[in-house]
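FYI, our numbering numbers position 32 of the sequence shown as 36, with every residue one higher than the one before it. All residues carry an ideal CB built from backbone N, CA and C; glycine is no exception. From a predicted model like this one, the values you see are computed outputs, not experimental measurements. Worksheet for the structure shown next.
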Amino acid sequence: MAGPGLSRPMVHAYVMVRTAAGASQDVLPVLEGLDGVTEAHVVAGKHDVIVEFEVPDTAGLLSRVTSEIQHVEGVEETRTYIALD
């Protein structure tokens with residue numbers, strides 16, 4: 005826990021999102037508008053969108069993924085990766 009006058013480091017994470025066929029471009033602006041999102045991109049590969057987050061804590065990240073991203077129409081699956089550096 006951070007002491008007086010010290011701030012806690014932010015949690016930096018990447019969420020890989022798989023969307024329904026053809027839904028990436030519709031999902032992207034919704035994800036870009038979420039609190040804590042620093043960048044979001046449609047990508048080629050196993051996942052369709054990568055969302056970069058910077059949030060105060062892991063509880064906030066969990067909330068955004070489970071309560072917000074996973075309820076966006078067209079989102080089929082998410083995988084979350086927390087940066088360790």
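Asked: Complete alpha helix (DSSP H) runs within the region 15-52 (minimum length 4 residues, chain order); Found: 28-36
Asked: Which of helix, strand or coil DSSP assigns to E72; Found: helix
Asked: Cβ contact (3+ pairs, closer than 8 Å) linking the region 76-89 and the region 39-47; Found: no
Asked: Beta-carbon proximity of M20 to E58, cut-off 8 Å; Found: no
Asked: C-alpha gap between A87 and L65, whole angstroms; Found: 12 Å
Asked: Range of the contiguous beta strand (DSSP E) that encloses R83; Found: 79-86
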